[in-house]
Amino acid sequence: MLHPMTLYRADPFALLRRFGETLDRMPFGTAAPAFPPLNLWQNEAAVAIVAQVPGVAPEDIEITAKDDVLTITGQRRPPEMPEGAVWHRRERAFGRFTRIVRLPFAVDPSQVEARFANGVLTIALQRPEDQRPRRIEIKAG
Amino acid sequence: MNAETEAGAVSPAAAGAEPTRNVRMWRPLTDVVETAEGIVLMIEMPGVVADDVDITLERRVLTVRGRGSSPQPDRLRLVHLEFEPGDYERSFVLSEDFDAARIEAVLKDGVLTLRLPRAAEAQPSKIQVKAA
Numbered sequence: 011m012l013h014p015m016t017l018y019r020a021d022p023f024a025l026l027r028r029f030g031e032t033l034d035r036m037p038f039g040t041a042a043p044a045f046p047p048l049n050l051w052q053n054e055a056a057v058a059i060v061a062q063v064p065g066v067a068p069e070d071i072e073i074t075a076k077d078d079v080l081t082i083t084g085q086r087r088p089p090e091m092p093e094g095a096v097w098h099r100r101e102r103a104f105g106r107f108t109r110i111v112r113l114p115f116a117v118d119p120s121q122v123e124a125r126f127a128n129g130v131l132t133i134a135l136q137r138p139e140d141q142r143p144r145r146i147e148i149k150a151g
Numbered sequence: 079m080n081a082e083t084e085a086g087a088v089s090p091a092a093a094g095a096e097p098t099r100n101v102r103m104w105r106p107l108t109d110v111v112e113t114a115e116g117i118v119l120m121i122e123m124p125g126v127v128a129d130d131v132d133i134t135l136e137r138r139v140l141t142v143r144g145r146g147s148s149p150q151p152d153r154l155r156l157v158h159l160e161f162e163p164g165d166y167e168r169s170f171v172l173s174e175d176f177d178a179a180r181i182e183a184v185l186k187d188g189v190l191t192l193r194l195p196r197a198a199e200a201q202p203s204k205i206q207v208k209a210a
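From first to last, the protein sequence lines stand for chains E and C.
The first sequence begins at 11 in the working numbering and counts up by one.
The second sequence begins at 79 in the working numbering and counts up by one.
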C-alpha cells in the first residue's frame, strides 16, 4: 500500500491521492454487480471476452453481435429439488440476465466464435479485414 | 467423480500453510439445501475442471478446493476487468450423522454439487414402549 514514491517530497499529495484512488475502486454501490462478470481483451484487429457464467447451461445462453454491439442474454435456472426441501443458505442468484457491451470497433458477425467450458464463456470477435489499421510506408524523397 | 475421504491426513490449509500459486483465493458462493435424504451443497466454481477439485472430509470438517484456470488470449491486452480468476476454497462443519462413504460429487457447468446422505443409523426410528 505504501509506495516508495508516496514519501517523495516533490508530490506531497501522492499518498492522499492514492488513498482516494483506492476508495474509488471500492464497491460501495448498492446495486447488485452485473451478471455475468466479464473481462475484455483487445488489440487493433480482435476482441476477446471472457465471462463467468456458473450454473448456466450452454443452450440457455444467446449471443448476438451487430456492428459494434455485443449482447449476451440467458437464464440461470434454479436447481430442481424434491418436495419438502429446506433451503438453509442461498448465496447464488437465478433468473434471466442480459449484458450489452459496446466494442471498440464494428466486428464481422460471421467471424464470432464462442466457447463454453466449466462455467466460463469465451467469445472471440474479429474486426473486418478492410477496416483494420494499415501501416503506411514512408518513402524516401 | 467420487469424493475422497482422507482419515488422519492433515491438509495444508489446516496446517496453516499458504498456497504457493500467486492467485487470489476465493470463497465460493454456496447454496445449502436439506432434503429427506440428507444435505445438498451447490458450490459455484467457474473455471475449474473436475480433476482440479479436491474434496476432503476430516473428522467433521468438509473442505472443498478448486484450482481455477482462465483463458489468457495471446497478443491482446486486458482493457476491462470485472472478475479476477483464482482458486476456490471453503470449509463446512458437518454434524456427525453423515455417511462419508456415500458422499457424491458432480461438477457441471462450473457448479459443484455435493450430496451428503445421512447415515442409516441416523435416520429417525420409532421406539416402541412396552407396557410392563
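Note that beta-carbon positions come from the ideal geometry of N, C-alpha and C, so glycine has one too.
Exercise. Which of the residues in the segment 108 to 139 of chain E, read from start to end, lie with their CB under 7 Å from any CB of chain C?
Worked result: 128, 129, 130, 132
Problem set entry | Nearest candidate by alpha-carbon position, reference residue 58 of chain E, set C:184, C:122, C:99, C:154 | Locating residue 58 of chain E in the first sequence gives position 48, counting from the first residue. Minimum Cα distance to residue 58 of chain E is reached at C:154.
For this session: Return the first residue and the last residue of the beta strand (DSSP E) that residue 147 of chain C is part of.
Result: Translated into the one-based positions of the second sequence, residue 147 of chain C becomes position 69. Careful: residue 147 of chain C lies outside any beta strand (DSSP E) and carries neither H nor E.
Exercise. Nearest chain E C-beta to residue 103 of chain C closer than 8 Å, yes or no?
Worked result: Residue 103 of chain C sits at position 25 when you count from the first residue of the second sequence. Not closer than 8 Å to any Cβ of chain E, the Cβ of residue 103 of chain C fails to qualify, so no.
Problem set entry | Alpha-carbon to alpha-carbon, residue 99 of chain E and residue 173 of chain C | Position 95 of the second sequence, counting from 1, holds the residue named residue 173 of chain C. Position 89 of the first sequence, counting from 1, holds the residue named residue 99 of chain E. Approximately 16 Å, taken between the alpha carbons.
Problem set entry | Partner residues on chain C for residue 95 of chain E, Cβ-Cβ distance less than 7 Å | Your numbering for residue 95 of chain E matches position 85 in the first sequence. Chain C residues near residue 95 of chain E: 111, 112, 113.
Problem set entry | C-beta atoms of residue 75 of chain E and residue 135 of chain E nearer than 8 Å | The residue given as residue 75 of chain E occupies position 65 in the first sequence. The residue given as residue 135 of chain E occupies position 125 in the first sequence. Yes, these two residues count as a Cβ contact at 8 Å.
For this session: Taking residue 186 of chain C as the reference, give the member of C:125, C:176, C:160 with the closest Cα.
Result: Counting from one through the second sequence, the residue named residue 186 of chain C turns up at place 108. With distances taken between Cα atoms, residue 186 of chain C lies closest to C:125.
For this session: Could you have a look at residue 174 of chain C and say whether DSSP puts it in helix, strand or coil?
Result: Translated into the one-based positions of the second sequence, residue 174 of chain C becomes position 96. Correct three-state label for residue 174 of chain C: coil.
Exercise. Can the beta-carbon of residue 24 of chain E be found closer than 8 Å to that of residue 142 of chain E?
Worked result: Taking the first sequence and counting its residues from 1, the one referred to as residue 24 of chain E is at position 14. Taking the first sequence and counting its residues from 1, the one referred to as residue 142 of chain E is at position 132. It is not a contact, given that the beta carbons lie outside the stated cut-off.
For this session: Report the neighbours of residue 164 of chain C on chain E: residues whose CB is nearer than 7 Å to its CB, in chain order.
Result: Residue 164 of chain C sits at position 86 when you count from the first residue of the second sequence. Those within 7 Å of residue 164 of chain C in chain E number zero; the least Cβ separation is about 11 Å.
For this session: Mind checking which residues open and close the beta strand (DSSP E) that includes residue 206 of chain C?
Result: Translated into positions along the second sequence, residue 206 of chain C becomes position 128. No beta strand (DSSP E) holds residue 206 of chain C; DSSP gives it neither H nor E.
For this session: Give the secondary structure of residue 30 of chain E by DSSP, where H, G and I count as helix, E and B as strand, and everything else as coil.
Result: Position 20 of the first sequence holds residue 30 of chain E. The answer is helix: DSSP assigns residue 30 of chain E an H, G or I state.
Exercise. So is residue 67 of chain E in contact with chain D if we call contact Cβ pairs under 8 Å?
Worked result: Included in the structure are the protein chains E and C, with no chain D among them.
Exercise. Should residue 124 of chain E and residue 77 of chain E be called a contact, given that it needs their Cβ atoms to be closer than 8 Å?
Worked result: Walking along the first sequence from the start, residue 124 of chain E turns up at place 114. Walking along the first sequence from the start, residue 77 of chain E turns up at place 67. No, Cβ-Cβ distance for residue 124 of chain E and residue 77 of chain E is not below 8 Å.
Problem set entry | Start-end ranges of the beta strand (DSSP E) lying completely within the segment 40 to 73 of chain E, minimum 3 residues | 48 to 52, 56 to 62
Problem set entry | Given 8 Å, three or more beta-carbon pairs between the segment 98 to 114 of chain C and the segment 133 to 141 of chain C | no
Exercise. Taking only runs of the beta strand (DSSP E) that begin and end inside the segment 117 to 149 of chain E, which ones reach a length of at least 3 residues, in chain order?
Worked result: 123 to 127, 130 to 136
For this session: Whole angstroms is fine: what's the gap from residue 83 of chain E's alpha carbon to residue 73 of chain E's?
Result: If you number the first sequence from 1, residue 83 of chain E lands on position 73. If you number the first sequence from 1, residue 73 of chain E lands on position 63. If I take the Cα positions, the gap works out to 7 Å.
For this session: Please report how far the alpha carbon of residue 70 of chain E lies from the alpha carbon of residue 208 of chain C, in whole angstroms.
Result: As a first step, residue 70 of chain E must be located in the first sequence, where it is residue number 60. As a first step, residue 208 of chain C must be located in the second sequence, where it is residue number 130. Each residue's Cα considered, the two are about 59 Å apart.
Problem set entry | residue 158 of chain C versus E:81, E:89, E:111, residue with shortest Cα-Cα distance | Start at 1 with the first residue of the second sequence, and residue 158 of chain C comes out as number 80. Here the closest residue by C-alpha is E:111.
For this session: May I ask you to report which of helix, strand or coil DSSP gives residue 198 of chain C?
Result: Taking the first residue of the second sequence as 1, we reach residue 198 of chain C at position 120. Residue 198 of chain C: helix per DSSP, three-state reduction.
Problem set entry | Neighbourhood of residue 68 of chain E by C-beta distance below 7 Å, restricted to the same chain and skipping five residues each side | Within the first sequence, residue 68 of chain E is the residue found at index 58, counting from 1. 126.
Problem set entry | the segment 148 to 174 of chain C: positions lying closer than 7 Å to chain E by Cβ | 148, 149, 151, 153, 154, 155, 156, 157, 158, 159, 160, 161
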